[in-house]
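In what follows, a single structure is set out as structure tokens and then discussed.
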Amino acid sequence: MALILTPGETLVAATHNPGKARELVALLDGRFAILSAGELNLPEPDETEQTFTGNALLKARHAALASGRVAIADDSGLSVAALDGAPGIFSARWAGPTRDFAMAMAKLEERVLETGSDDRGAWFTSALAVCWPDGTAVVVEGRVDGTLAFPPRGDRGFGYDPIFIPDGETLTFGEMDPAAKDALSHRTRAFEKLKAALF
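So for the sequence shown, the numbering used here puts the first residue at 1095; every next one is plus one.
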């Protein structure tokens, strides 16, 4: 089968995170109708893989099989140099079951300070997977590097955005206009690769 997405097709966004669903909708530029896994009451699979690409593929496959539609999934997170790449694939889990990212950012700051390192380097990674109900899939990955900013700044975006300043910028993702963030983000970089592969 040809790995092509047809504009106007309805895709399932394999996420229960409204912020992530909104970003996926924006990235898709209105080319597709989007239903989220949350809207369809699909259960969330356990993220048992050890990489962003593995977890994105797992989530996309799960949503495609459960819905019978083409599904798109993102697995993303923040990696911190001073913490040897943590929280990485565990970024959401650091926020606990209630997704308390204020707590997660405070925990991250505490862990970085405990290391005694002056290194504030960090990077966001986004893996995007598109999967068809027959199991056929495409997975790509994007990354944006930057530095950590403590205390958190800005109330835009979601997750760890208020503590991340992308290289070459002075504002955190949490302070940026959404369009400015989208122009730089790890998810956008992954999507450009996906677009080249499928559109």
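Every residue gets a Cβ at the ideal spot worked out from N, C-alpha and C, and that includes glycine.
A quick note: this is a predicted structure, and the numbers were derived from the prediction, not measured.
Original post:
Near R1214, which residues of its chain fall below 6 Å by C-beta distance, leaving aside the five closest residues on each side in sequence?
Top reply: Numbered from its first residue, the sequence shown carries residue 1214 at position 120. Excluding positions up to five away in sequence, the list reads T1241 and L1242.
Original post:
Hey, how far is the Cα of M1095 from the Cα of E1204?
Top reply: Taking the sequence shown and counting its residues from 1, the one referred to as residue 1095 is at position 1. Taking the sequence shown and counting its residues from 1, the one referred to as residue 1204 is at position 110. Any reading at M1095 must be qualified, since the residue scores a pLDDT of 41, below 50, and its modelled position is unreliable; no value is offered.
Subject >> Residue range of the beta strand (DSSP E) that includes P1239 >> reply: To locate residue 1239, count along the sequence shown from 1; it is residue 145. Per the sequence shown, the amino acid found at residue 1239 is Asp instead of Pro. Counting along the chain, the beta strand (DSSP E) containing D1239 begins and ends at A1231 to L1242.
Subject >> Helix, strand or coil at L1215 according to DSSP, with G and I counted as helix >> reply: Taking the first residue of the sequence shown as position 1, residue 1215 is located at position 121. As written in the sequence, residue 1215 is Gly, which differs from the Leu given in the question. Strand.
**OP:** Starting from T1282, trace the alpha helix (DSSP H) both ways and give me its first and last residue.
**Re:** Residue mapping note: residue 1282 aligns to position 188 of the sequence shown, counting from 1. Unbroken alpha helix (DSSP H) run through T1282: H1280 to L1292.
**OP:** Hey, could you find the ends of the beta strand (DSSP E) H1190 is sitting in?
**Re:** As a position in the sequence shown, residue 1190 is number 96, starting the count at 1. For the record, residue 1190 in the displayed sequence is Gly; it is not His. Segment: none, G1190 is in no beta strand (DSSP E) and carries neither H nor E.
Subject >> Same chain, Cβ closer than 7 Å to K1287, five either side skipped, listed in chain order >> reply: Numbered from 1 along the sequence shown, position 193 holds the residue referred to as residue 1287. Excluding residues within five positions, the ones whose Cβ falls inside 7 Å are V1234 and G1236.
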